[in-house]
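For the sequence shown, this note's numbering gives the first residue as 6, with consecutive numbering after it.
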Amino acid sequence: MLFLIVYVGFTGPVPSSEELQKIKNPVSTEVYAADGRILGRYYIENRSNVSFDQISPNVINALIATEDSRFYHHTGIDEIALLRVFLKSVLLQDHSSGGGSTLSQQVAKNLYPRKSFGPLTMPVNKLRESIIAYRLEKVYTKDEILTLYLNTVPFAENTYGIGVASERFFNKPPSKLKVPEAATLVGMLKANNSYNPRKNPERSLDRRNVVIDQMLKYNYISVGEAKLYKAEPLNLTYNLITYNEGPAPYLMEKIRPFLQDWCDNHMKEDETPYNLFTDGLKIRTTIDFDMQLAAENAVSDQMKNLQAVFDAAWGKKNPWGNDKSVVTRAMKRSNRYRSLKKAGVPDDQVKTIFNTPTSVSLFTWDGKKQAEMTPMDSIQYYLKIINTGFMAMDPNSGELKAYIGGNDFRYFQYDHTTSKRQVGSTFKPIVYLAALEAGISPDTYFPNERKVYEDYDNWSPENSHDEYTGFYSMEGALSKSINTIAVEVMMKAGISNVVDLAKRMGIDSDLPPYPSLALGTASVSLQEMVCAYSELVNGGRKVTPYYLKAIESNKGQVLEKFQNIQPDEQVASPENCRIITQMLKSVVNDGTGSSIRSVWGIDSEFAGKTGTTQDQADGWFIGMTPTLVAGAWVGGEDPSIHFRSLGEGAGGKTALPIVGQFYSQILHKSKYQNMRFSTFESPSEESMAMLNIPPYREVLEVGLRGIIHDLFGKKETNPNYDQKKQGKSVAEPNKEEAKPTTETEKKPFWQSMKEIFKKKSK
């Protein structure tokens with residue numbers, strides 16, 4: 006009677022033979038670039054599917070000998086095994102004989118998890134699995150069932166399938182597994198946490214030897230071989246890597262939580278929610294496939310060079326010096342440490358584990374490297390790796406075109422496009438824009454002089470080469486990134502005005518209201534900065550990143566289309582944004598970003614800004630064309646990890662080459678010629694006249710003589726008018742904001758001309 010109830014589906018639907026056929030080719034969700042090329046796929050958890058011929062016979066033999074010795078002699082249900090279990094378990098109370106489930110029944114359990122039916126839970130689930138197993142045997146061959154089992158069975162540490170388990174514990178494909186290795190993995194199936202060879206090596210070794218004995222019992226190996234194999238140690242080669250295929254793994258991870266939430270809240274025709282990993286959805290994105298590849302190439306090429314420079318500079322010395330807290334913090338951030346603490350492992354044992362050598366797989370820019378070292382050595386190794394983040398966005402539509410969150414997602418899951426670091430001088434354009442918005446004329450000159458801000462704990466900003474001579478125009482000061490003037494510009498614009506403008510531009514990070522904010526001491530994400538610069542290009546319109554276009558079913562039916570709805574908000578006047586963009590063109594023409602022209606050969610309209618923080622801990626560059634804004638950040642995992650000199654670690658030396666190579670690659674492709682020949686919208690003639698003045702003056706001359714000199718005189722230059730070092734991070738006291746003061750150094754040039762030629766009135 007119970008069998009009939011289960012069979013007809015009163016306890017829940019039992020998959021038909023037709024439905025079981027569909028699992029032969031598991032349907033993954035595919036993520037597509039804008040042009041339809043595949044960026045990546047989502048599978049069932051951490052699962053890697055392999056074919057039968059990719060599995061070592063040693064695995065097959067160990068599995069059958071241990072789990073289902075009569076596998077090739079039954080049709081899904083082993084009546085003899087069931088009778089044996091009944092006699093020993095029920096009558097003799099001996100529970101060592103196992104559960105009597107065949108591999109086919111275990112496949113059924115893996116594919117269709119058990120449900121609760123109260124006191125009937127066990128018999129109902131067993132009957133259901135028996136029916137499914139019988140149908141599986143009708144649909145699949147024995148080899149196919151073995152493959153299904155080995156691709157769906159859970160191993161330790163949330164890994165699924167023999168492919169991932171083999172790579173995780175022995176760092177090799179399953180086709181290369183030897184008998185002891187195969188026995189170790191198969192032995193884990195009885196209780197994958199208890200027999201985890203990394204966490205419980207002694208138990209795992211004992212269980213492995215039981216599997217070897219089973220292989221001997223069923224004549225898969227000889228007595229001599231069994232003795233030899235059992236004498237071997239575990240020989241683990243632990244390799245913790247998250248597998249993500251395709252050129253955009255960081256984007257895949259960025260959109261995954263949203264997609265999972267969408268699936269949970271949208272139902273299929275059978276009234277069950279969509280499954281991101283099994284329902285074969287098609288995800289359409291805004292990513293430009295060729296731009297993504299160009300970004301990947303630029304990151305790989307330039308970061309490899311930068312790592313070599315960094316390693317050569319520090320040699321055998323540790324960048325963090327004697328500050329052991331840097332290593333301690335990194336250890337406590339590690340997954341290994343968190344897992345051990347969560348499991349309640351005492352501190353002394355944690356220390357022992359972190360100081361016990363083991364075989365590890367290390368990231369290098371030349372590929373995976375195998376080494377023998379302690380986990381603590383591994384942490385210090387990775388602390389010396391320089392990291393990066395990169396993103397490119399259409400400034401008008403907000404469409405994301407390229408996205409890279411780090412060096413290699415398999416080793417570094419932390420996304421540096423959304424992490425927050427000090428931004429250095431990349432913040433200065435916002436300061437200068439706030440000044441324009443406050444009414445300060447773009448032809449205003451500012452003295453390059455040391456100044457003490459008494460209301461702020463006598464803080465005094467410094468320039469990179471300790472040069473404090475002459476006068477700079479706003480454009481000249483921004484182009485050469487003069488720190489003293491950036492601070493003075495902010496004080497005249499009003500600190501609160503600068504903060505308010507930055508917030509309107511989408512910078513949600515905390516912005517301490519102190520003079521040092523002008524030098525980029527605030528920690529802001531790359532994504533926030535790219536959005537802010539995009540608003541300079543598009544005339545001051547608020548823009549947010551847009552990257553998901555649509556979700557489709559596996560048959561191509563549009564399930565949801567995502568509209569690109571940008572905020573209807575003007576964050577600054579279009580004219581002032583055009584003026585700042587014009588100023589930023591001078592940065593790449595003859596300022597700190599000039600290698601865009603001289604090294605990378607970019608001859609199209611281009612603007613940008615470099616940024617470097619204290620001790621070269623962070624390097625930034627954001628580059629702009631009329632139709633694309635791209636930015637990069639480069640730095641260590643911890644701010645104490647930095648380049649030794651400004652010549653090596655300035656943003657123009659670290660982040661700029663990534664952006665430069667990226668643009669150089671795409672602008673020479675025929676499909677991007679419209680971008681190459683596009684032009685920025687120019688400021689008005691009046692604004693251009695105010696900008697068309699010498700960027701630097703040794704002596705400030707006023708009146709008609711000065712005007713004539715500006716128009717016809719020889720251009721004055723500063724011999725030390727070269728690449729700068731960015732401002733230092735200074736902890737500011739809790740002071741009231743300085744009030745904006747009146748500009749007295751010089752009347753704006755344009756205003757002077759108007760006063761000279763206007764009619765006198767009496």
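Glycine included, C-beta positions come from ideal geometry on N, C-alpha and C.
Whole-angstrom distance between residue j and residue i, CA atom to CA atom
i      : j      : result
LEU158 : ASN115 : The residue asked about is misnamed: residue 158 is Val in this sequence, not Leu. In a straight line, the C-alpha of VAL158 is about 6 Å away from that of ASN115.
SER692 : TRP319 : 48 Å
SER501 : PRO518 : 7 Å
TYR200 : ALA555 : 44 Å
LYS730 : TRP325 : Note that LYS730 scores 34 on pLDDT, short of 50, meaning its location in the model is unreliable; the coordinates nonetheless yield the value given after this. Approximately 21 Å, taken between the alpha carbons.
PRO745 : VAL639 : Note on PRO745: pLDDT 35, under 50, position unreliable in the model; no value is reported.
PHE315 : MET308 : 10 Å
GLN59  : TYR154 : 14 Å
GLU237 : GLY168 : 23 Å
ALA736 : TRP464 : Unreliable placement is indicated for ALA736, whose pLDDT of 30 sits below 50; the coordinate value is still reported in the next sentence. Roughly 10 Å separates the two Cα atoms.
ASP276 : HIS78  : Reading off the sequence shown, one finds Glu at residue 276, where the question assumed Asp. Each residue's Cα considered, the two are about 39 Å apart.
GLN297 : TYR450 : 42 Å
GLY598 : GLU706 : 30 Å
LYS508 : VAL576 : 9 Å
GLY613 : LEU589 : 5 Å
ARG173 : ASN163 : 11 Å
GLU750 : GLU442 : Reliability fails at GLU750, whose pLDDT of 41 lies under 50, so the model's placement of it is uncertain and the value that follows must be treated cautiously. Going from the Cα of GLU750 to the Cα of GLU442 covers about 19 Å.
ASN327 : ALA170 : 39 Å
CB of residue i within 9 Å of CB of residue j, strictly
i      : j      : result
LEU311 : ILE137 : no
TYR538 : PRO434 : yes
LEU190 : VAL112 : no
THR615 : GLY624 : yes
GLY652 : PHE626 : no
SER687 : ARG546 : no
VAL216 : GLY192 : yes
PRO596 : SER478 : Sequence inspection shows Gly at residue 596; the Pro mentioned does not correspond to that position. No.
TYR225 : ALA70  : yes
GLY285 : GLU35  : yes
TYR234 : ASN176 : no
CYS536 : MET398 : yes
THR290 : LEU44  : yes
SER645 : VAL331 : yes
Which of helix, strand or coil DSSP assigns to residue i
i      : result
LYS720 : For LYS720, the predicted structure reports a pLDDT of 47, less than 50, and the residue's modelled location is therefore unreliable. A value from the coordinates is still provided. Here LYS720 sits in coil by DSSP.
ALA555 : strand
TRP267 : helix
ILE69  : helix
VAL290 : Looking at the sequence provided, one finds Thr at residue 290 rather than Val. Note: THR290 maps to strand in three-state DSSP.
ALA113 : helix
VAL365 : strand
HIS43  : Note on identity: in this sequence residue 43 is Ile, with His being the wrong assignment. Correct three-state label for ILE43: strand.
GLN670 : helix
PHE57  : helix
LYS622 : Correcting the residue identity first, residue 622 is Ala in this sequence and not Lys. It is coil, neither helix nor strand.
ALA478 : It is Ser, not Ala, that sits at residue 478 in the sequence shown. If DSSP states are grouped into helix, strand and coil, SER478 belongs with the strands.
ILE627 : strand
PRO20  : coil
PHE681 : The amino acid occupying residue 681 in the given sequence is Arg; Phe does not appear at that position. Residue state, collapsed to three classes: helix.
GLY251 : coil
THR617 : strand
ASP306 : helix
LEU25  : helix
ALA655 : coil
Distance cut-off 8 Å: residue i Cβ against heavy atoms of the ligand SAM
i      : result
ARG334 : Among the components of this structure there are no ligands whatsoever, and the ligand SAM is therefore not found.
Beta carbon proximity, residue i to chain E, threshold 9 Å
i     : result
SER21 : Going by chain labels, chain E is absent from the structure shown, which holds only one protein chain.
Stretch pair the segment 350 to 362 + the segment 492 to 507: three plus CB contacts closer than 8 Å:
no
At what residue ranges does the segment 385 to 423 contain a whole run of the beta strand (DSSP E), taking only runs of 3 or more?
392 to 398 and 405 to 409
Length-filtered (4 minimum) alpha helix (DSSP H) runs lying within the segment 174 to 248
184 to 193, 206 to 222 and 228 to 236
Counting only runs of 4+ residues fully inside the segment 309 to 362, write out the alpha helix (DSSP H) ranges in chain order.
The qualifying runs are 330 to 338, 340 to 347 and 352 to 359.
Taking three-plus beta-carbon pairs below 8 Å as touching, is the segment 621 to 638 in contact with the segment 656 to 667?
yes
What are the complete alpha helix (DSSP H) segments, minimum 4 residues, inside the segment 505 to 546?
531 to 542
I'd like the ranges of any beta strand (DSSP E) spanning at least 3 consecutive residues and lying wholly in the segment 133 to 169.
none
Within the chosen definition, does the segment 453 to 464 reach the segment 422 to 437 through at least 3 CB pairs nearer than 8 Å?
Cβ pair count under 8 Å is below three, so no.
Per the contact definition of three or more C-beta pairs closer than 8 Å, is the segment 406 to 420 in contact with the segment 439 to 448?
no
Counting pairs of beta carbons, one from the segment 255 to 268 and one from the segment 403 to 416, are three or more of them closer than 8 Å?
yes
Would you say the segment 389 to 409 touches the segment 280 to 298, given that touching needs at least three Cβ pairs under 8 Å?
Yes: the two stretches touch, three or more of their Cβ pairs being nearer than 8 Å.
In the segment 550 to 614, which residue ranges form an unbroken beta strand (DSSP E) of at least 3 residues, counting only runs that do not cross its ends?
553 to 557 and 563 to 566
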